Amino acid sequence: MNNVIEGADISIEDFLEENLDRTSDIQCFFRDANVFITGATGFMGKVLLEKLIRSCPEIGMIYILVRPKLGKSQVRRFYEIFEGPFFERMKSECPNYLSKVRLVSGDCLKPNLGLSDEDRSLLCACVDCVFHAAAAVRFDTSLRVAVITNVRATVDLLNMARAMPHLKAFVFVSTAYSNCDNEHIEEKFYEPPIPWLTLTLMAETLSETMLTKITPGILGKWPNAYALTKCVAEDVVRSKGDKLPIAIVRPSIVIATSKEPIAGWINNFYGPTGVVAGAGIGLLRSLHCDGNMLADLVPVDMVINCMIAAAWDVARSRFESTNSEIVAPCSEEEKESPEAEYHIVRSRFSQCKVKRKTISSSIPVYNFVSSNQRALTWQQFMSLNERAEPQIPSQLMVKCSL
């Protein structure tokens with residue numbers, strides 16, 4: 001009697017093949033949707049922009065906030081976003097990508113994001129989804145810049161969001177370390193050490209000398225202005241966003257891409273990337289660090305997937321149509337799918353009337369971390385890098401790092 005293993009002739013492709021061409025619920029959600037992104041010129045913003053264009057080809061218009069910087073105009077910085085190998089796959093799959101993106105001149109350091117009345121009216125009239133990813137992320141940023149960028153700009157954007165009649169989702173990007181004075185960080189809000197209005201008024205009115213002098217007292221247990229202002233900004237979201245379809249995503253230490261659109265891409269030397277780069281070329285010989293502490297690292301492409309899914313999830317759960325839920329017919333081909341006759345997320349915004357739930361619901365918070373599932377210590381992290389170095393040595397090596 002032959003021993004036949006049941007199911008041995010079945011591969012994963014057999015399960016995936018029938019769904020490869022099927023439009024997902026998230027793609028249906030973003031079909032014809034107009035999206036506003038702050039921080040699109042930054043690390044996470046670029047990955048978000050690429051992912052939306054490539055994975056949601058039927059998306060409406062993506063408006064991105066861009067400011068002049070280092071002598072470069074907004075227009076020049078806009079086109080520089082799409083330079084380099086990171087966007088090659090997107091350009092190949094979506095050659096008309098520029099028709100999907102529109103530059104909006106603004107600056108988070110200015111009141112009301114530095115938007116003109118015309119641009120503000122345009123965004124309020126047509127935006128369906130907001131991703132607020134702009135932030136002053138440097139640990140040595142002055143308290144004034146951190147407060148104005150991370151707190152006041154959030155206040156201004158939330159005020160604008162209240163004037164968006166078609167708003168379906170607002171995703172605020174925070175950090176898992178916004179409440180680092182707690183031993184365990186749950187997916188909930190925590191009381192800030194100082195009210196956001198008080199902190200904002202101090203940043204706007206006190207002299208630089210006075211603000212610098214009192215900064216240590218304001219920071220308290222927080223290691224830097226970035227973590228503190230993100231904590232306070234979360235309280236802004238809690239107090240001003242309770243009637244909005246809003247969610248908070250808290251990633252831990254964001255590192256290079258895992259897979260999409262290419263593996264290992266990063267465009268900065270912040271955090272562990274700078275340490276690895278310095279050690280890899282032989283410049284950094286030692287690091288003051290407890291190797292037994294957890295290195296909570298998360299790939300940026302996975303964080304972006306979480307943000308996009310969070311937008312879909314909050315829209316699905318926080319809104320309902322006149323039939324108690326957001327329901328819209330799919331295409332004729334999708335209707336025949338045995339998996340779903342109708343998508344819970346409406347496929348075309350223009351064909352679905354929505355109203356906000358009369359009952360209040362809590363704002364969802366998503367902690368996107370790795371330590372609770374794949375714990376990795378800093379010593380293990382460095383050991384992995386030491387193992388990889390001989391295989392991919394740097395061309396800029398100045399000294400043997402071993």
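Take the sequence shown: its position 49, counting from 1, is numbered 49 in full-length UniProt numbering, and each next residue is one higher. Note that CB positions come from ideal geometry on N, CA and C, so glycine has one too. It should be emphasised that the depicted structure is a prediction, and the values quoted were computed from it without experimental measurement.
8 Å contact criterion, which residue i and residue j should meet: CB distance rounded
i    : j    : result
F368 : C306 : 5 Å
S371 : V249 : So it is not a contact: roughly 17 Å between Cβ atoms.
A247 : V314 : 4 Å
A256 : I266 : 4 Å
P245 : R318 : 4 Å
P192 : C129 : Not confirmed; about 27 Å, so no contact.
A203 : R144 : 5 Å
L396 : A295 : Their Cβ separation, rounded to whole angstroms, is 24 Å, which puts L396 and A295 out of contact at 8 Å.
V66  : R77  : 5 Å
L157 : H132 : 6 Å
I218 : I253 : Their Cβ separation, rounded to whole angstroms, is 24 Å, which puts I218 and I253 out of contact at 8 Å.
Those residues which DSSP pairs with residue i across a bridge
i    : result
I281 : Beta-bridge pairing links I281 to no other residue.
P299 : I255
I59  : R31
F170 : V130, I246
V104 : L65
Y366 : V249
I37  : I64, F131
T377 : L294
Residue j beta carbon less than 9 Å from that of residue i
i    : j    : result
A163 : T149 : no
A40  : A146 : no
S239 : P299 : no
L123 : F43  : no
W312 : D25  : yes
L113 : T38  : yes
S99  : L115 : no
N159 : V276 : no
P251 : A134 : no
E208 : S286 : no
P95  : I262 : no
I214 : L201 : no
Y190 : V127 : no
V398 : L283 : yes
Closest by C-alpha distance to residue i, when choosing among the options
i    : options                : result
M90  : A309, L52, R77, S73    : L52
V101 : V365, S92, I81         : I81
R152 : V130, V236, L167       : V236
C108 : E88, K69, V35          : K69
A33  : E58, P111, L115        : E58
F87  : M210, A134, I64, E260  : E260
V171 : I304, E389, I392, P393 : I304
D242 : Y79, D25, I363, D119   : I363
L49  : P272, S73, Y97         : Y97
T198 : A233, H132, R285, S99  : A233
A309 : F29, S286, P393        : F29
Q27  : F189, G60, H184        : G60
F139 : I214, S207, H166, A227 : A227
K221 : D181, I214, K213, K188 : D181
Y366 : A125, E186, T200       : E186
P393 : C126, I281, T229       : I281
L297 : N268, R374, T229, L284 : R374
T229 : L283, G264, W196       : W196
E93  : C56, K110, E83, Y79    : C56
K46  : E83, E389, R31, D290   : E83
N292 : L211, S383, P111, Y270 : S383
**Q.** Any beta strand (DSSP E) of 3 or more consecutive residues that is wholly inside the segment 108 to 139
**A.** Runs found: 129 to 132.
Q) Which residue spans inside the segment 224 to 261 form an unbroken beta strand (DSSP E) run of at least 3? A) Taking 3 residues as the shortest admissible run, the segment 224 to 261 contains the following complete beta strand (DSSP E) segments, listed from N- to C-terminal end: 246 to 251, 253 to 255.
Q) What runs of the alpha helix (DSSP H), each 4 residues or longer, lie entirely inside the segment 65 to 92? A) Residue ranges of uninterrupted alpha helix (DSSP H) with 4 or more members, entirely inside the segment 65 to 92 and ordered along the chain, are 74 to 80.
Q: Ignoring anything shorter than 3 residues or poking outside the segment 164 to 210, list the beta strand (DSSP E) runs there in chain order.
A: Entirely contained in the segment 164 to 210, the beta strand (DSSP E) runs reaching 3 residues are, in chain order, 169 to 173.
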